[in-house]
Amino acid sequence: DLKTFLRESRPKPDRAAPLTMRDLLSCIVDVAKGCKYMEENRFIHRDIAARNCLLTTKGPGRVVKIADFGMARDIYRADYYRKGGKAMLPIKWMPPEAFLDGIFTTKTDVWSFGVLMWEVMSMGYMPYTGCANREVMQLVTNGGRLAPPTNCPSQLYAIMTQCWQPNPDDRP
């Protein structure tokens, strides 16, 4: 999966990072294409994260593909999906309207895609490291966001912050 691949590709004291900025951006673009396809087909994944993406190969020419559709929903009949029950939810990848009100739209996946971008640029680190889900919910609800990963281009971080707009209509 993409998360494991990124972690295995972190630079080490005796080895430079095997992945270039172009490699990282390619991973992000591949996932963006998958998200676009799902949105065009009125599908909400609800768990876009590096752990749920697979690679065709670890070497050159790799393509990243979105997998794990266990939480996905077809929204052809409605513009949003309201989650009932007490299922385990990926809070660190979710926007406030999802974890507070159980509302899932294609804009929920946009927020999660922003977190996935952060995961890729941080080489597979856990978002909000050291924070419990309850702390993340409070932080995000109060306007807090993930800090830019080390060496992340400002233009890319700006896209992440657009994905994390509090109003779903303001997200790309």
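Heads up: the sequence shown begins at 1 in UniProt numbering, then just goes up one per residue.
Backbone N, C-alpha and C define an ideal beta-carbon position, used for all residues, glycine too.
*With DSSP as the reference, please indicate the residues paired to Cys35 in a beta bridge.*
Its beta-bridge partners do not exist; DSSP assigns none.
*For my contact list, residue 174 and Arg145 are in at a C-beta cut-off of 8 Å; report their separation, rounded to the angstrom.*
Absent from the model: residue 174. The displayed extent of the chain is 1 to 172, so no value can be given.
*Decide yes or no for the touch test of the segment 5-18 against the segment 123-138: beta carbon pairs closer than 8 Å, at least 3 of them.*
yes
_Start-to-end residues for the alpha helix (DSSP H) that takes in Val140_ = Run containing Val140: 133-141, per the alpha helix (DSSP H) assignment.
*asked:* In the DSSP assignment, the alpha helix (DSSP H) including Leu55 goes from what residue to what residue?
replied: Premise fails: Leu55 lies in the beta strand (DSSP E), 53-55, not in any alpha helix (DSSP H).
*Bridge partners of Ile159, per DSSP?*
Ile159 pairs with nothing; no bridge assigned.
*Would you give the residue range spanned by the alpha helix (DSSP H) that residue 185 belongs to?*
It is not possible to answer for residue 185, since the shown part of the chain is limited to 1 through 172.
*Ends of the beta strand (DSSP E) at Lys12?*
Unbroken run through Lys12: none, as it is neither H nor E.
_Buried or exposed by the 16-neighbour rule on C-beta atoms within 10 Å, applied to Val29_ = exposed
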